[in-house]
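The sequence shown maps to residues 1 to 736 in UniProt numbering.
The beta-carbon is built from N, C-alpha and C at its ideal position, and this holds for glycine as well.
Structure record follows, encoded as structure tokens.
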Amino acid sequence: MDRPVSTIIRRATTTTLTTRLQTRPTHKTKAQFNRASRSYYSTNGRTPPIRVAICGGGPAGFYAAKALLSQQSLIPTRPISIDLFEALPTPYGLSRYGVAPDHPEVKNCEHKFDQVGRHPQFRYFGNTIVLGDQQEGPSWGQASVRLSTLRAQYDLVLLAYGAGEERSLGGLEGEDSLANILSARTIVGWYNGYPSTPLTNPTITHKKFGVDLSKIDTVTIIGMGNVSLDIARILLSEVDVLRRTDISDEALSELARSRVRHVEIVGRRGPLQTAFTTRELRELVRLPDLAMRIDSPPLVEAAARIAEPGALARMPNGRLTKRLLEVMLAAAKQPPSSSSAATRTCSLRFLQSPIAFHGAPLPPSSSDDDNESTSVPQKVGSVQWALNRLEYPTDSQTLPPLDYSAIKARPIMPLVTHSSPTDLVLKSLGSVPLLFPPLSPDPSHSRARNVAGRVVGADNQIIPGLYVTGWLSTGSKGVIGDTMSGSTTVSQTMISDILSTSSASIPTRAGMESLSGEDFQPTLEGKQFGVDWQRWRLIDEFERERGRATDRPRVKCSGLQQIHQHPEPIMSVNNSQGEEELHLSNSQSTDAHPHLTSAFTDSQPKTESSTTSSSSPRPEPLHQHTNDPDPSNPHPLASDPNEGPKPAAPGTHSSESPEPDQEPKIDYIITLKQDTTKEQYELYKQQLIDQGAQIKHEYFSIILKGYAVSLKPSKLQSFQQDPLVKDVEMDQKVHI
């Protein structure tokens, strides 16, 4: 049996392939150019690509994809084919939805990610969530794929979906019962326009912040990381400064009426143990008309500690810590005269832990209003704190020199407590990843168990072909630069594992040996809801165009994830026929999926079906239009709406009405081609209605054009053959 041999490729100074040399021409070989590594690799019919699935479209996932593609030259005979799955329609994760809007330079990494997205060996599956086998899938509007499916269909699977679960304070008194106690992630998602999804917390959306900032004077932020300082800076910045950023319109409007004047940032440890950076602190200190108030005694003690011989050398970032401490000391020495002229204040308080939250006094009410007042949640009014001390070793202890940045804090015993008033509490405590089998937790680090990115299962054995990176691998710490380093390292580990394994040991997926990366399609549920890179580029350009009109980097479509659920116009685009609004009509959506009403829309549930049947009126079209088709663009199946079967008038019986024992209807999703015009869309819908179809959902957008319908199978064939139709499949998620 002939065995394929490596192809030797000679390349001229240009990128044109000049010569191919083969020692044995056993089968057809094709040479392709890898733009990432600037080199050629060869493929053939007997050597399938190495398929890699990356789950998570944030910086960790994109940096890993970039690093993998750049190492293509190490495996010249097997091209690396990467499919990246992201739960949101839009890519870039925390770069897009976590970085503060007034830090556009931090988002420059997105230029590199865009290059990855355009790579011929890369495919993007947006609006597609990866699930464990026991997780319930989304009810509507989002594609999904099981991790077990990916492991069966791909050679390597890299999980990079981050840490999305919020930490709590352990259920302190008032933490869950009082209003105006929120996670920092809620407000960050609010001002960054983070869209909620069926499988993310519905409170993390611009419409669910739920705090009237015109009634807030004092904000307490628990936690001393960069996120805390970002929030403080956004709350205390001039609105005119924020207008030039990509902050969400909803946040901008609310901040314009904000009356926040005092922000306090409280940490359980001392100045040497803070997690924020010098740059973040400097930006906060330099805000105009702001007075900084920093506890002096902890600063003095910290300065004495790092002055000890060898103290800085024992700290991982000793020089940076010293520089940060110097900025805090300078801010603490701010003269009283400058502070008195400030209109706003920001405080840094150390060595304090919250032990209870107490409600603000309820407004007086008469007996007639008792029922109404009891239905309104009581708002937080104060925080009770316990003072802490740092556990430095005593002189009698014979311990090696300590890293002062790792010192722990313990409450002073007996407890020393005090209270401080507040109107809003934001918990900036970090986050933990959502884990599902075969991932197992590493409790000491709030991450998935792994060794150098290789996943370790519950049996303490490394799981071949499964990897983690980003915060899923390290816990929620570090900046984007740390993420880049970690993703590069794990990609090298993956390539090393491939090279150290014989080609016979690398699994070749059954039935897929001869498929190229473009031909192979993963098994997805609700695939019609997916967003590819081309559609993301449409969204991206639309946002930028809106930004150019208002002298901003972009105006985000913060409701994109709701594009298949929301009953109101989502966006508008300009075309040759004038301004075209992209609507989404979700007839019966509140009946079929009542949970979508509270989680994704502000509309009220409909009482009865608004879709057309033999005894119910036709739903309003997405746009007002004439029933006469455009002669210049005839629809192959378009007929005069006045011809053919008509629905019976309300209260009458139609001879065409189905009998109970006749053919039952089945739920289908009909997806139209992306170049379908609005008129063609409306005419096709009318044909469905005339044939007795029940329209359950409609969607006409840059992401998806089509319908969810209930239709007799015998009527389906004529619709399937229509040139407008891209795909028809049974809908397993929508039920009448």
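- In the structure shown, Ser500 adopts coil according to DSSP, grouped into three states.
- Of the residues assessed, Pro433 falls on the buried side of the cut-off, its CB having 16 or more other CB atoms within 10 angstroms.
- Rounded to the nearest whole angstrom, the CA to CA distance from Ile498 to Gln121 is 18 Å.
- Excluding sequence positions up to five before and after Gly61, its CB lies within less than 7 Å of the CB of Ile54, Leu84 and Ala160, all in the same chain and listed in chain order.
- The C-beta distance from Ser228 to Ile265 rounds to 5 Å, short enough to meet the 8 Å contact threshold.
- A Cβ-Cβ distance of about 6 Å is found for the pair Gln674 and Lys705, placing them in contact under the 8 Å criterion.
- In this chain, the beta strand (DSSP E) harbouring Ile181 covers Ile181 to Ser183.
- One Cα belongs to Glu238, the other to Leu324, and the distance between them is close to 25 Å.
- If you ignore the 5 residues before and after Leu415, its C-beta comes within less than 6 Å of the C-beta of Ala386, all in its own chain and listed in chain order.
- Taking C-alpha positions only, Val709 is separated from Tyr124 by approximately 28 Å.
- For a cut-off of 8 Å, the C-beta gap from Gln384 to Thr417 is around 6 Å, short enough to register as a contact.
- Out of Pro713, Asn460 and Asp246, the CA that lies nearest to the CA of Glu105 is found in Asp246.
- Exclusion of the five residues before and after Val728 leaves Tyr668, Ile669, Ile670, Thr671, Leu716, Phe719 and Gln720 as the residues of its chain whose Cβ lies within less than 8 Å of its Cβ.
- Distance from the Cα of Ile80 is smallest, within the candidate group Ile695, Ser491 and Ala303, for Ser491.
- When the beta-carbon positions are compared, Gly270 and Leu351 come within less than 7 Å of each other.
- Comparing alpha carbon positions, the residue from Tyr97, Arg293, Gly359 and Ile689 closest to Leu711 is Ile689.
- Residue burial annotation: Pro664 is exposed, with fewer than 16 other C-beta atoms found within 10 angstroms of its C-beta.
- Comparing alpha carbon positions, the residue from Asp217, Trp533 and Pro522 closest to Val130 is Pro522.
- In its chain, beyond the 5 residues on either side, Val285, Ala331, Gln334 and Cys346 have a beta carbon closer than 7 Å to the beta carbon of Met292.
- Residue environment for Ile412: exposed (fewer than 16 other C-beta atoms within 10 angstroms of its C-beta).
- CA-CA distance, His119 to Thr274, rounds to 40 Å.
- For Asp155 against Gly465, the beta-carbon gap comes to about 7 Å, under 8 Å, which counts as contact.
- Excluding its 5 nearest sequence neighbours in each direction, Ile463 has C-beta neighbours in its own chain below 8 Å: Pro438, Arg454, Val455, Val456 and Gly457, listed in chain order.
- Counting C-beta pairs with one atom in each stretch, the segment 528 to 539 and the segment 82 to 98 have three or more that are closer than 8 Å, which means they touch.
- A straight line joining the alpha-carbon of Glu543 with that of Val555 spans about 5 Å.
- Excluding its 5 nearest sequence neighbours in each direction, Arg282 has C-beta neighbours in its own chain below 7 Å: Val327, listed in chain order.
- Ile187 and Asp230 have their C-alpha atoms some 11 Å from each other.
- A distance below 6 Å between beta-carbons, with the five flanking residues on each side excluded, links Pro101 to the following residues of its chain, in chain order: Thr245, Asp246 and Ile247.
- The alpha-carbon separation between Phe209 and Gly98 amounts to approximately 16 Å.
- According to the DSSP secondary-structure assignment, Asn450 is paired through a beta bridge with Val455.
- It is roughly 47 Å from the alpha-carbon of Gly162 to the alpha-carbon of Ser714.
- Under DSSP, Ala143 shares a beta bridge with Thr128.
- In this structure Tyr63 is not in contact with Ser428, their Cβ atoms being roughly 25 Å apart against a cut-off of 8 Å.
- The Cβ neighbour count for Ser183, taken over all protein chains shown within 10 Å, is at least 16; the residue is labelled buried.
- Contact check for Val157 against Arg151 passes: the beta carbons are separated by less than 7 Å.
- In this structure, Ser95 sits away from Pro49, with a CB-CB distance that is not shorter than 7 Å.
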